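Participant: Before I ask anything, here is the structure I am working with.
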Amino acid sequence: MTDLSLHLMDIMQNSLTAGASCVEVGVKAQKSTDLLTLYVRDNGSGMTEETLKRVSDPFYTTRTTRKAGLGIPLFKASAEMAGGDFRIESAPGKGTTVTATYEISNIDRKPLGSVADTVTMCIMGHPGIEFHLILENEESSFVFRTEEVREQIGDVPVNDPVIIGYLKEMIEEQSRILFGGILNEIIS
Ligand SMILES: Nc1ncnc2c1ncn2[C@@H]1O[C@H](COP(=O)(O)OP(=O)(O)OP(=O)(O)O)[C@@H](O)[C@H]1O
Ligand SMILES: [Mg+2]
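Each step along the sequence shown adds one to the number in numbering that gives the first Met the number 0, with nothing skipped, and position 131 is 130.
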């Protein structure tokens, strides 16, 4: 996978498969500590302790079409190869939070890529699900919730192409504002 937003897409897909009605994505970049944190939190089925234990192992998956699930192992590897950490918190019936951290300046850290594309594609494909996005640097943050968009657009569906285009531009702009000059791949 070429960039971190594609990993996020994979992990969000897990949340949707787990029956989540709300999926929250967070991206936090701290220049002073050289730390980038990504998380995906959902209110889906959660994992049993047994699943949780085995989930970082590529030969474990509950899907029946093929043997090895790779979403989580690859996300974990992306963090560990870039001097970061990885953790999953999950409880059956409660939901799951998957968190990966990266050394921003590590040569093996993949570029963030387009979080705007990832999130808007999820909204397009799953208009009945609520998505939250939190972008954060040390000084400020941007919070986006589909619930608030719905309130403002009334009868227009949240996956209307015009709405999606608008959301994509807004998230792109906020990513530039918050991460430009902190993540070297983003020009502010
Ligand atoms: N958010 C989640 N909620 C509940 N269970 C999850 C969640 N994410 C992962 N799992 C469990 O962990 C397993 C492994 O996930 P992983 O993404 O690594 O592989 P996969 O989704 O099975 O296959 P792939 O991602 O390669 O298509 C899943 O099959 C599922 O049982
Ligand atoms: Mg998966």
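All C-beta atoms, glycine included, are put in the ideal place defined by N, C-alpha and C.
Treat the numbers as computed from the prediction; the structure is a model and nothing was measured.
Taking one C-beta from the stretch 37-54 and one from the stretch 13-26 each time, how about it: are there three or more such pairs within less than 8 angstroms?
Facilitator: Segments in contact, yes.
Participant: Would you mind sorting GLY189 into buried or exposed? The rule is 16 or more other CB atoms within 10 Å of its CB.
Facilitator: The chain is shown only over 0 to 187; residue 189 falls outside these bounds and no answer can be derived.
Participant: Assuming VAL118 contacts PHE130 (C-beta within less than 8 angstroms), just tell me the rounded distance between them.
Facilitator: On the sequence shown, position 119 is the one that residue 118 refers to. On the sequence shown, position 131 is the one that residue 130 refers to. Confirmed, about 6 angstroms.
Participant: Any chance the CB of VAL24 is under 7 angstroms from a heavy atom of ligand 1?
Facilitator: Residue mapping note: residue 24 aligns to position 25 of the sequence shown, counting from 1. Incorrect: VAL24 has no Cβ contact closer than 7 angstroms to ligand 1.
Participant: Got a sec, what are the start and stop residues for the beta strand (DSSP E) ARG86 sits in?
Facilitator: Along the sequence shown, read from residue 1 onward, the residue named residue 86 stands at position 87. Segment 85-90, the beta strand (DSSP E) holding ARG86.
Participant: If I measure Cβ to Cβ from ASP84 and keep anything under 7 angstroms in the same chain, skipping five residues before and after, which residues do I get?
Facilitator: The sequence position of residue 84 within the sequence shown is 85, counting from 1. Taken in chain order, the residues that qualify are ALA78, THR100.
Participant: In angstroms, rounded to a whole number, what distance separates the CA positions of ARG175 and ASP107?
Facilitator: What you label residue 175 is simply residue 176 of the sequence shown in a count that begins at 1. What you label residue 107 is simply residue 108 of the sequence shown in a count that begins at 1. Each residue's alpha carbon lies about 22 angstroms from the other.
Participant: Out of LEU132, GLU138, SER139, state which residue places its alpha-carbon closest to the alpha-carbon of GLU146.
Facilitator: As a working mapping, residue 146 is identified with position 147 in the sequence shown. Of LEU132, GLU138, SER139, the residue nearest in Cα terms is LEU132.
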